[in-house]
Amino acid sequence: MDLLTHAFTFLYQIGDAFSFLVLSACGLAVVFGMMGVINLAHGELIMCGAYVTAATTRAGLPLPLGILAGALAAGAVGMVMERLVIRHLYGRPLDTIVATWGISLAATQGTLILLGSSMPGIGTPLGSFTLGGYSYSTYRVVLMVAAVAVLAGLYLAFNATRFGTLARATIQVPHMAEALGVDTRTVYALTFGLGAALAGLAGGLYAPTMTIVPTMGTTFIMEAFVTVVVGGADIFLGTAPAALVLGTVRALLTTWQGQLFGQIGLLVAVILVIRVLPRGISGLILRERA
Amino acid sequence: MIPAMTSAKTLLRRLEGPQTLGRGPAFWTAFALAVAAAVAYPWFADGYTVGNTAYFFCWVFMALGLCLIWGYGGALSFGQTAFFGLSGYAYGVLTLNVGAAYGFTLAALVLAVALSAAMAALLGYFLFFGRIGGVFLGIITLSVTLALERFMAQTAGPEWKIGAARLNGYNGMSGMPPLTVPWPDGDVVLFPDVALYYGLLGLLIVVYLALRILVNARFGNVLVAIRENPERAEMLGYDVRRYQLAAFVIGSALAGLSGTLYTAWGQYITPSSMGLTAAALPVIWVAVGGRGDLTATLIGTLLVLGGFQALTIYGSQYALVVMGLLLVVVVLAAPDGLVVAALRGLGRLRRREAGR
Numbered sequence: 047m048d049l050l051t052h053a054f055t056f057l058y059q060i061g062d063a064f065s066f067l068v069l070s071a072c073g074l075a076v077v078f079g080m081m082g083v084i085n086l087a088h089g090e091l092i093m094c095g096a097y098v099t100a101a102t103t104r105a106g107l108p109l110p111l112g113i114l115a116g117a118l119a120a121g122a123v124g125m126v127m128e129r130l131v132i133r134h135l136y137g138r139p140l141d142t143i144v145a146t147w148g149i150s151l152a153a154t155q156g157t158l159i160l161l162g163s164s165m166p167g168i169g170t171p172l173g174s175f176t177l178g179g180y181s182y183s184t185y186r187v188v189l190m191v192a193a194v195a196v197l198a199g200l201y202l203a204f205n206a207t208r209f210g211t212l213a214r215a216t217i218q219v220p221h222m223a224e225a226l227g228v229d230t231r232t233v234y235a236l237t238f239g240l241g242a243a244l245a246g247l248a249g250g251l252y253a254p255t256m257t258i259v260p261t262m263g264t265t266f267i268m269e270a271f272v273t274v275v276v277g278g279a280d281i282f283l284g285t286a287p288a289a290l291v292l293g294t295v296r297a298l299l300t301t302w303q304g305q306l307f308g309q310i311g312l313l314v315a316v317i318l319v320i321r322v323l324p325r326g327i328s329g330l331i332l333r334e335r336a
Numbered sequence: 010m011i012p013a014m015t016s017a018k019t020l021l022r023r024l025e026g027p028q029t030l031g032r033g034p035a036f037w038t039a040f041a042l043a044v045a046a047a048v049a050y051p052w053f054a055d056g057y058t059v060g061n062t063a064y065f066f067c068w069v070f071m072a073l074g075l076c077l078i079w080g081y082g083g084a085l086s087f088g089q090t091a092f093f094g095l096s097g098y099a100y101g102v103l104t105l106n107v108g109a110a111y112g113f114t115l116a117a118l119v120l121a122v123a124l125s126a127a128m129a130a131l132l133g134y135f136l137f138f139g140r141i142g143g144v145f146l147g148i149i150t151l152s153v154t155l156a157l158e159r160f161m162a163q164t165a166g167p168e169w170k171i172g173a174a175r176l177n178g179y180n181g182m183s184g185m186p187p188l189t190v191p192w193p194d195g196d197v198v199l200f201p202d203v204a205l206y207y208g209l210l211g212l213l214i215v216v217y218l219a220l221r222i223l224v225n226a227r228f229g230n231v232l233v234a235i236r237e238n239p240e241r242a243e244m245l246g247y248d249v250r251r252y253q254l255a256a257f258v259i260g261s262a263l264a265g266l267s268g269t270l271y272t273a274w275g276q277y278i279t280p281s282s283m284g285l286t287a288a289a290l291p292v293i294w295v296a297v298g299g300r301g302d303l304t305a306t307l308i309g310t311l312l313v314l315g316g317f318q319a320l321t322i323y324g325s326q327y328a329l330v331v332m333g334l335l336l337v338v339v340v341l342a343a344p345d346g347l348v349v350a351a352l353r354g355l356g357r358l359r360r361r362e363a364g365r
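Listed below in C-alpha cells is the structure:
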C-alpha cells in the first residue's frame, strides 16, 4: 500500500468526520447563533427526520425526496415546538435548555411507545468504489458534498436573501429591527424552523447508514454539542472550522485507537480548547479581525 | 444561661437565614415531627417497603447537590450522573478487590466520594476557570456523562478488569458487598431494609442540616450573589470562579455519595446510570421541587420519585413521557418549582388571614 492510498484513506476519514460534525451541528448552531438558545431536543429532531425519511422511502418515494420530506417534517415539528414552548422562554436560556430536555425525553419515549423499539432501515445506496485495493462507500462521499452544500446554502440564505438580512438585523439589535417594522417573532420562529429542518436533513441523510431506533438522537448530540461549543456563536467562522479541526482530531484518534477513543478524545480536546478559547473559534477570529 | 442551651441557640440561628425557606418554631416543630414519623415508619411497614424508601433516600443526596450547584450557584450542571456512576463503579472495584472485612466498605465509600470530588475539581477547574458559563456548562457536563456511559458500555471483554473486578460492559457490575459497620461482637451489615434505612435517614438529616448551615453562612450568601449578578460580585472583590468551583465540587461529591449508596443498596451498577435518561432525572426532581431551596428540593425529590415509581407500574416509557412533560410544564408555569410555589401560596394565605 503506497503513500497515496494512505493519504486518501486519511482524507476520506477526515471528510467523513467533518461531514458528520457539520451536518449534525449546523441546525443547533443556527439556532444558538441567532437566538442564543440551545435546543436539547435537537437529537430528537434528527431522529424525526430519519424516521420520516425511512418511512417515505420504504413507501416508494425516491431517497432524495424522502430526505426532503424528513427535513420538512422536522422543520414543521420545530415550528410547533417554538410556538408552544420556546417562544415563552426567550431571555431565559437555562430554562429553555431544561424545557427542551423535557421535550427530548418525552419524544424519545413517546416514539418508543408509538413506533416500537426499532424500524426496518433502508439500505445504503450507491454501492462503493475501489481505490488502491481498498473500497470506500460512495454514499459517504455524497454526504461530504452535502455538508459543503449545506454550508454554502446557509451562507447564501443569510447573506443574499431578504430573510437573511432581516434575521441578521434581528440578532444584532432586536428592538431596532422591531422599530423598523421587522416582525421579530416571525423571524425567530422561522429561524428555529430552519434549524429544526437542518436537523431533520441530517437525520434523513444519515438514515440509510444507521439503525433507526428512538434513541438514535443520542448518537448525534454529543458531537453536535462539542462542535457548537468549540465553534462559538458564528456558523461560518465557527462551526465550519471547528468541524474541520475536530474532524481531524477524531479521524486521527479513530485510526489510532478505534471509534470510542475518537469520541472521548474529541471531548477531552474540547475541554482543553475551551479553557484557552472560552468564546470558541469564532470568538478568536472575530477578535483578531477587530 | 446554661452553655448547652446557648450553643443550641447559636446552632439554630445558623440553620436559619435568608437563603432557606422555613424558620421559627413552627417550621422546626414540623421538622421534628417529620423526623419522628420517619423514625417510627419502619414499625408500621414491611421490610420491602422500607428498603424501597431507603432506595429513594439514596437519590436525594444527588438532588441536594444539584440544588446547591444550580439553584444556589446558578451554574446548571447536567453531568451529575457522571459522578454518580464514577463513585458507584469505584465502590464496586474497591470492595470487590479488598472485601468487606474490618469495615472496609466505609473506607471504600469515603474513597469513592473523594474520587468524585477530585474529578469534579479537575473538570470544574477547566470549566469555571475557562469562564464557561450558562448553557455551555450544561452541554459540556452532559457530554462528559454521555462519554463515560459510552466508555463503560464497551468494557464487556475480559481484558477490561481492575484487579478482581470485571467491568462487564452494558451488563454492569454486580456482587459487591453491602455497607458494613464494624462492631465488637460481629459486624453490622446494612442490608437494604431497616438497618440501611436508619443509616441513610441519619446521613440524610446530617447532610441536609449541614447544607442549610453552609448556604446560610458567608459562602452561601456570596454564592447567591454570584447567581444574581456575577459581574457585581466580581467588582465587590469575590473570586467568582473559586466559589462556583467549590459549590460544584461539593455538589458532585454528593452525587458521588448517591452513586456509592445506590451501588451498595442494590449491589449493582450499570453504564445506563450515566446515560441521557438517567442524567435528566435529577434535573427533573430539582426543577419540579424548586431549585432555589434545599427543603423544597428534598420534598420535591421524594414526591417525584414516589410518583415516578407509581407510574412505572404502567411501564417505564409512559412514566418517562409524563416526567418529560412535567418538566416542560413546570418550567413554563412554575419556574421556581411546585413545592416553592405551594409554600409561597401557603404563606400568602396565612398573611391574609392575619391581616383580616
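Protein chains in written order, with the numbering used here: chain A, 47 to 336; chain B, 10 to 365. C-beta: ideal position from N, C-alpha, C; glycine also.
Other residues of its chain near residue i: CB distance less than 8 Å, five sequence neighbours each side excluded
i: residue 56(B); result: 202, 203
Neighbour flag for residue i against chain B, beta carbons, 8 Å
i: residue 147(A); result: yes
i: residue 268(A); result: yes
i: residue 123(A); result: no
i: residue 336(A); result: In this predicted model, residue 336(A) has a pLDDT of only 43, less than 50, meaning its place in the structure is not dependable enough to derive any value.
i: residue 289(A); result: no
i: residue 144(A); result: yes
i: residue 216(A); result: no
i: residue 67(A); result: no
i: residue 272(A); result: yes
Contact belief for residue i with residue j at Cβ below 8 Å, rounded distance in angstroms
i: residue 128(B); j: residue 93(B); result: Not a contact, Cβ separation roughly 12 Å.
i: residue 260(B); j: residue 77(B); result: 5 Å
i: residue 114(B); j: residue 189(B); result: 5 Å
i: residue 246(A); j: residue 117(A); result: 4 Å
i: residue 185(A); j: residue 254(A); result: 7 Å
i: residue 258(B); j: residue 126(B); result: 5 Å
i: residue 333(B); j: residue 155(A); result: 7 Å
i: residue 77(A); j: residue 199(A); result: With 8 Å as the limit, residue 77(A) and residue 199(A) do not qualify as a contact, their Cβ atoms being about 16 Å apart.
i: residue 349(B); j: residue 301(B); result: 6 Å
i: residue 275(A); j: residue 148(B); result: 6 Å
Residue i versus residue j - alpha carbon distance
i: residue 83(A); j: residue 355(B); result: 35 Å
i: residue 85(B); j: residue 136(B); result: 12 Å
i: residue 321(B); j: residue 331(B); result: 10 Å
i: residue 301(A); j: residue 86(A); result: 30 Å
i: residue 335(A); j: residue 154(B); result: For residue 335(A), the pLDDT reaches just 47, beneath the cut-off of 50, and the residue's location in the model is therefore unreliable, leaving the point undetermined.
i: residue 225(B); j: residue 51(B); result: 33 Å
i: residue 96(B); j: residue 267(B); result: 8 Å
i: residue 75(B); j: residue 337(B); result: 19 Å
i: residue 299(B); j: residue 92(A); result: 32 Å
i: residue 121(A); j: residue 73(A); result: 10 Å
i: residue 123(B); j: residue 100(B); result: 11 Å
i: residue 94(A); j: residue 211(A); result: 29 Å
i: residue 1(B); j: residue 252(B); result: With chain B represented from 10 up to 365, any question about residue 1(B) goes unanswered, as that position is not in the structure.
i: residue 47(B); j: residue 211(B); result: 10 Å
i: residue 148(A); j: residue 289(B); result: 8 Å
Same chain, Cβ closer than 7 Å to residue i, five either side skipped, listed in chain order
i: residue 304(B); result: 29, 30, 31
i: residue 287(B); result: 90, 281
i: residue 243(B); result: 249
i: residue 295(A); result: 311, 312, 315
i: residue 200(B); result: 187
Contact with chain A by residue i, beta-carbon distance below 8 Å
i: residue 341(B); result: yes
i: residue 332(B); result: yes
i: residue 95(B); result: no
i: residue 249(B); result: no
i: residue 85(B); result: yes
i: residue 296(B); result: yes
i: residue 327(B); result: yes
i: residue 141(B); result: yes
i: residue 336(B); result: yes
Close beta carbons around residue i, own chain, < 6 Å, minus the five adjacent residues each side
i: residue 339(B); result: 296, 297
Exercise. Using a beta-carbon distance cut-off of less than 7 Å, what residues from the segment 235-255 of chain A approach chain B?
Worked result: none
For this session: For the segment 301-324 of chain A, enumerate the residues whose C-beta is nearer than 8 Å to any C-beta of chain B, in chain order.
Result: 306, 309, 310, 313, 316, 317, 318, 320, 321, 322, 324
For this session: With 7 Å as the C-beta to C-beta threshold (strictly closer), list the residues of the segment 98-126 of chain A near chain B in chain order.
Result: none
For this session: Would you list, in chain order, the members of the segment 143-167 of chain B that have their beta-carbon closer than 8 Å to a beta-carbon of chain A?
Result: 143, 144, 145, 147, 148, 149, 151, 152, 153, 155, 156, 159, 160, 163
For this session: Could you name the residues of the segment 275-287 of chain B whose beta carbon sits closer than 7 Å to any beta carbon of chain A, in the order they occur along the chain?
Result: 285, 286
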